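One structure is given below, encoded as structure tokens.
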Amino acid sequence: MLNKIVEALSGRSDLTGWTVRQLGSRGAQVYAVPGRVESERLVNVERYKIDVLRQTSDPNGKEAVGSGDATLLPGEDIDTVIEKAVLTAGLVANPVHTLPAPASLPDVLLVDADLQKDPSVVTRDMMERIRAAASKHRDIQLTAAECFGEIQTTHLVNSRGIDAEQESAQLQVEFVLHSQRGQGEVETFTEMGRRRVSDLDLEHAIEQRARHTLDLFEATAPPSWQGPVVLRNGVLAMFMAGDKLVGGVLQTLGSAASKYAKTSPWEIGKSVFRGDVKGDPLTVWANRCMPFGTASNRFDDEGLPARRVALIRENELVAFAANQRYADYLALPATGAFGGVELLPGQTVSSVLLEEPYVEIIQFSWFNPDLITGDFATEIRLGYLVQNGVRKPFRGGQLVGNYLDALADVRWSIETGFFGSYLGPHTARFNDLTIVGQDQ
224 MLNKIVEALS GRSDLTGWTV RQLGSRGAQV YAVPGRVESE RLVNVERYKI
274 DVLRQTSDPN GKEAVGSGDA TLLPGEDIDT VIEKAVLTAG LVANPVHTLP
324 APASLPDVLL VDADLQKDPS VVTRDMMERI RAAASKHRDI QLTAAECFGE
374 IQTTHLVNSR GIDAEQESAQ LQVEFVLHSQ RGQGEVETFT EMGRRRVSDL
424 DLEHAIEQRA RHTLDLFEAT APPSWQGPVV LRNGVLAMFM AGDKLVGGVL
474 QTLGSAASKY AKTSPWEIGK SVFRGDVKGD PLTVWANRCM PFGTASNRFD
524 DEGLPARRVA LIRENELVAF AANQRYADYL ALPATGAFGG VELLPGQTVS
574 SVLLEEPYVE IIQFSWFNPD LITGDFATEI RLGYLVQNGV RKPFRGGQLV
624 GNYLDALADV RWSIETGFFG SYLGPHTARF NDLTIVGQDQ
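So the sequence shown is numbered by my numbering: it starts at 224 and just counts up by one.
Dropping the structure here:
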């Protein structure tokens with residue numbers, strides 16, 4: 224079917240460019256409820272994504288280009304779907320831009336070999352490991368769990384001659400732990416995504432979350448706090464790499480699209496911060512070559528090769544992440560999609576960063592800073608006030624601050640970790656953040 228779509232697009236004289244992606248996925252899903260595996264199912268999906276460009280004119284009669292897209296399922300009429308995309312493109316008038324040309328593609332590790340061989344066996348084994356680990360805790364009940372494992376394939380062809388293929392793995396785990404003491408009940412929800420089973424460390428995750436679940440029985444009202452706040456591991460990865468659907472502040476302000484729209488104040492060669500830097504210098508890569516990174520690939524949705532782009536070097540912006548369109552507009556190199564966030568290791572051992580007193584945040588309800596200003600006021604699902612040798616759990620309250628100001632006053636651990644979309648220091652001590660507690 225891909226060849227027929229390419230033939231149909233090539234025969235359109237009204238198009239200045241086009242891209243088609245054949246997207247396939249095969250995998251398995253396992254669901255568990257208390258005491259048993261509830262269901263298992265196999266997944267096999269195929270679809271085609273079409274993007275077209277056609278020449279149009281802006282309101283002043285100047286040459287422009289319109290873009291349209293459509294999704295095609297096997298068996299659908301190709302010409303009808305293409306026509307819808309072309310009609311949409313005719314209503315759009317953007318400045319003229321091009322599509323990527325063929326280029327050498329890197330080899331990036333993206334596939335779990337065991338998952339590739341048999342997704343059913345891998346997902347079933349993951350579920351059994353989760354259930355076995357949870358059963359070791361008498362006071363904890365695994366009330367729900369889901370394990371998804373897929374092998375995804377992409378075949379991309381465009382009008383400039385790109386013809387590229389890639390295969391990747393996607394693993395997703397979710398589970399809920401519950402406990403009850405008398406009339407009191409608590410529960411925790413955990414979700415993790417990786418490309419390789421060994422990166423999930425399921426037994427450790429269950430052990431840690433079981434402890435967090437039981438600590439909720441002792442959780443107090445949130446303290447009012449101004450001072451050091453520690454983020455570690457997964458919650459630090461969320462802080463740095465952002466939400467998997469909308470990204471984060473670094474991706475937004477570091478994108479050529481934001482620069483073109485004049486929503487990013489960043490300038491190449493200048494500091495990304497609006498004031499003095501009191502903490503460690505910031506060095507960041509936008510990395511699509513990260514082995515088994517959840518945002519890694521050989522090529523992105525346009526066909527641009529994966530790169531490890533130096534974004535920020537010692538607080539100064541080095542480059543913007545640019546797709547082909549905005550690279551053309553701003554005369555920048557086309558680096559492609561942002562990818563994962565990689566940070567340079569710090570200079571301090573993590574034990575020093577845990578000098579008391581401090582507050583450690585384990586989980587946010589949802590860390591969603593304003594992607595332009597960086598301001599945030601986000602609810603805390605679980606945290607600990609650590610002082611005088613006591614680690615006291617609390618829930619609720621809000622962490623309040625500004626993302627860039629926080630990064631300008633932080634110390635990073637020399638020890639690093641890999642967390643799917645983030646590679647870098649596994650511990651960060653933000654020296655001056657605010658928690659709005661119950662008494663405020």
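Beta carbons are placed, not taken as given, at the ideal position from N, Cα and C, and that holds for glycine.
Keep in mind it's a predicted model, so treat the numbers as computed, not measured.
In this structure, the beta-carbon distance from phenylalanine 462 to leucine 627 does not fall below 7 angstroms. A Cβ-Cβ separation of about 20 angstroms leaves valine 309 out of contact with leucine 379 under the 8 angstroms criterion. For glutamine 403, no alpha helix (DSSP H) run applies; the uninterrupted beta strand (DSSP E) run containing it begins and ends at 386-404, by DSSP. Asparagine 283 and tryptophan 241 have their C-alpha atoms spaced approximately 26 angstroms apart. Within a 10 Å sphere around the beta-carbon of glutamate 490 sit fewer than 16 other beta-carbons, which makes this residue exposed. The closest CA to that of glutamine 278, considering only Asn267, Pro342 and Ser290, is found on Ser290. Cβ atoms of cysteine 512 and arginine 530 come within 8 angstroms of each other, at about 7 angstroms. Within the model, the alpha-carbon separation for alanine 600 versus aspartate 593 is close to 9 angstroms. For isoleucine 491, there is no enclosing alpha helix (DSSP H), since its DSSP letter is neither H nor E. In the structure shown, the three-state DSSP call for asparagine 591 is coil. If you ignore the 5 residues before and after threonine 475, its C-beta comes within less than 6 angstroms of the C-beta of Ser481 and Leu594, all in its own chain and listed in chain order.
Annotation for asparagine 625: Gly597 and Asp598 place their beta carbon closer than 6 angstroms to its own, counting only its chain and skipping 5 residues before and after. Counting only runs that start and end inside the stretch 445-491, the beta strand (DSSP E) elements of at least 3 residues fall at 448-455. Judged by DSSP in its simplified three-state form, asparagine 546 adopts coil rather than helix or strand.
Short of 7 angstroms from the beta carbon of aspartate 362, and not among the five residues preceding or following it, lie these beta carbons of its own chain, in chain order: Ser402 and Leu437. DSSP places valine 613 within a strand segment (E or B) once states are collapsed to three. Counting the other CB atoms within 10 Å of its CB gives tryptophan 589 a total below 16, which places it among the exposed residues.
DSSP lists Arg244 and Thr294 as the bridge partner or partners of lysine 272. Inclusion of isoleucine 603 and glycine 620 in the CB contact set at 7 angstroms is warranted, their separation being smaller than that value. A distance of 7 angstroms or more separates the beta carbons of valine 609 and valine 659. Within 10 angstroms of the beta-carbon of phenylalanine 412 lie fewer than 16 other beta-carbons, which makes it exposed. In the structure shown, glutamine 278 falls within a strand segment according to DSSP collapsed to helix, strand and coil.
The closest CA to that of leucine 555, considering only Leu246, Ala479 and Gly234, is found on Ala479.
An exposed status is given to valine 256, since fewer than 16 other beta-carbon atoms sit within 10 Å of its beta-carbon. Taking one beta carbon from each stretch, the stretch 308-328 and the stretch 380-390 have 3 or more pairs nearer than 8 angstroms; the two touch. Around lysine 493, the same chain offers Glu539 and Leu540 as residues with beta carbons nearer than 8 angstroms, after the five sequence neighbours per side are excluded. The secondary-structure analysis by DSSP pairs methionine 415 across a beta bridge with Val396. When secondary structure is reduced to three states using DSSP, histidine 378 falls in the strand class.
At a cut-off of 4 residues, the continuous stretches assigned as alpha helix (DSSP H) that sit fully inside the stretch 321-384 are 336-340 and 342-358. Bridge partners of serine 262 according to DSSP: Tyr254. With respect to the C-alpha of glutamate 583, the residue from Lys467, Val507, Pro648 and Trp448 having the closest C-alpha is Trp448. Per DSSP, the continuous beta strand (DSSP E) segment holding isoleucine 658 begins and ends at 650-659. Collapsing the DSSP output to three states places aspartate 422 in a helix. According to the DSSP assignment, threonine 311 belongs to the alpha helix (DSSP H) that extends over 301-312. The alpha-carbon separation between leucine 553 and proline 488 amounts to approximately 15 angstroms.
Annotation: the continuous alpha helix (DSSP H) that includes asparagine 226 extends over 225-233.
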